[in-house]
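Undergrad: Residue numbers (UniProt numbering): 1 to 303. Sharing a structure here in structure tokens format.
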Amino acid sequence: MDYQGALEVVAAAVRSQVGQGQVAQYIPALAAVEAGQFGMAVADMNGDVYGVGDWEEPFSVQSISKTFSLALVLARDGEAIWQRVGREPSGNAFNSLVQLEYENGVPRNPFINAGALVVTDRLQTLTDDASTTLLDFLRAESDNPDLAFDPAVALSETEHGDRNAALAHFMASYGNLENPVPTVLQHYFWQCSIRMSCRDLALAGGFLARHGLRADGGRLLSRREAKQVNAVMLTCGTYDAAGNFAYRVGLPGKSGVGGGIVAVIPGRCTLCVWSPGLDERGNSVAGVAALDHFTTLTGWSVF
Ligand code: DON
Numbered sequence: 001m002d003y004q005g006a007l008e009v010v011a012a013a014v015r016s017q018v019g020q021g022q023v024a025q026y027i028p029a030l031a032a033v034e035a036g037q038f039g040m041a042v043a044d045m046n047g048d049v050y051g052v053g054d055w056e057e058p059f060s061v062q063s064i065s066k067t068f069s070l071a072l073v074l075a076r077d078g079e080a081i082w083q084r085v086g087r088e089p090s091g092n093a094f095n096s097l098v099q100l101e102y103e104n105g106v107p108r109n110p111f112i113n114a115g116a117l118v119v120t121d122r123l124q125t126l127t128d129d130a131s132t133t134l135l136d137f138l139r140a141e142s143d144n145p146d147l148a149f150d151p152a153v154a155l156s157e158t159e160h161g162d163r164n165a166a167l168a169h170f171m172a173s174y175g176n177l178e179n180p181v182p183t184v185l186q187h188y189f190w191q192c193s194i195r196m197s198c199r200d201l202a203l204a205g206g207f208l209a210r211h212g213l214r215a216d217g218g219r220l221l222s223r224r225e226a227k228q229v230n231a232v233m234l235t236c237g238t239y240d241a242a243g244n245f246a247y248r249v250g251l252p253g254k255s256g257v258g259g260g261i262v263a264v265i266p267g268r269c270t271l272c273v274w275s276p277g278l279d280e281r282g283n284s285v286a287g288v289a290a291l292d293h294f295t296t297l298t299g300w301s302v303f
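Structure (structure tokens):
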């Protein structure tokens, strides 16, 4: 497969969509990002990585971090987390409160904000430092020791974090958090603030294409667990747009409001695309279009 050639075809095809949509506004430190950027990378099963455009430019991973924190909890704790968070699409916005009350403080899935807070809470209990554990893992998998938190983004989100604080307090009232709300929020905001490039994320998500095997050949997840994470990405990774994402792209994918999307072709490769302009559901406009083109061009999807 000529990955480099395919990436260049895809980048040319989506050029007119780069800059469309809106850069995330509700975290002020993200609102300043230049919308006209686009990068895309593919990491194959051997860890060889190919890229186009701004593929080496770091950006805020935001909700993409939720995939990795879930994997770290499953790796340490097995299936116990599913007692505290479901795995059904929510059909609601990623930061919605509405389902939590009538579902007794148990979030629909680990990728909406409420579910991710539960996962981070568990990772905090298991490691005593959830966000640093995650950063160390991402550094190792992407072979990039320079990966770092972005304090300005973490503080900006903390200052404007009333919605996430509400979700966390509400779940705490149902006994669905093990750690104090401020601790959970702090680790969640810092994990979301990590800056990575398309290159870094395509490599870091390699274990999902390798059926659970890490970059060094060690096992993070069983084959079954890797299948499970990919399945939840497919059904819930792009929130209330997951149906449309599956329809257009046909791959497990996880988006973030920084404009990145990681997508997995199990047994073949991991992709990451980034372009900061978002649609109204919080997914990158040019990013979804690029993945749509990639799977159409290659004929590779899970379907
Ligand atoms: O908690 C938040 O709202 C952000 N830190 C992350 C949201 C996000 O990335 C949703 N993705 N599309």
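Glycine included, each C-beta is placed from N, C-alpha and C at the ideal position. Since the model is a prediction, treat every value here as computed from it, not as a measurement.
1. What are the residues that DSSP puts in a beta bridge with S60?
2. At 3 residues or longer, what runs of the beta strand (DSSP E) sit wholly inside the stretch 64-120?
3. Any heavy atom of the ligand DON within a distance shorter than 7 Å of the CB on F94?
4. Could you give the DSSP three-state label for M1: helix, strand or coil?
5. Please go through the same chain and pick out, in chain order, the residues whose beta-carbon is closer than 6 Å to the beta-carbon of V73, but skip the five residues on each side of it.
6. Alpha carbon to alpha carbon, what distance is there between G259 and P89?
7. Given a threshold of 16 other Cβ atoms within 10 Å of its Cβ, counted over all protein chains shown, does R84 qualify as buried or as exposed?
8. Taking only the alpha-carbon atoms, compute the straight-line gap between G5 and V262 and give it to the nearest angstrom.
9. Quick check on the burial criterion: 16 or more other C-beta atoms within 10 angstroms. Buried or exposed for H187?
10. Within its chain, find whatever has a CB closer than 7 Å to the CB of Q25; leave out the 5 residues flanking it on each side and keep chain order.
11. Compare the Cα-Cα distances from S14 to each of L297, T298, G287 and report the closest residue.
12. Could you pull out every residue in the same chain whose Cβ sits closer than 8 Å to the Cβ of R223, ignoring the five residues on either side in sequence?
13. Indicate, with yes or no, if the ligand COA has a heavy atom lying under 7 Å from the CB of S63.
14. Starting from the C-beta of R219, find all residues in its chain whose C-beta is less than 7 Å away, skip the five residues before and the five after it, and write them out in chain order.
TA: Taking the structure as given:
1. R195
2. none
3. yes
4. coil
5. I81, V119, R122, L123
6. 21 Å
7. buried
8. 20 Å
9. buried
10. A31
11. As written in the sequence, residue 14 is Val, which differs from the Ser given in the question. For the residues L297, T298, G287, the minimum Cα distance to V14 belongs to G287.
12. H211, G212
13. The ligand COA is absent from the structure shown, which contains only the ligand DON.
14. G212, L213
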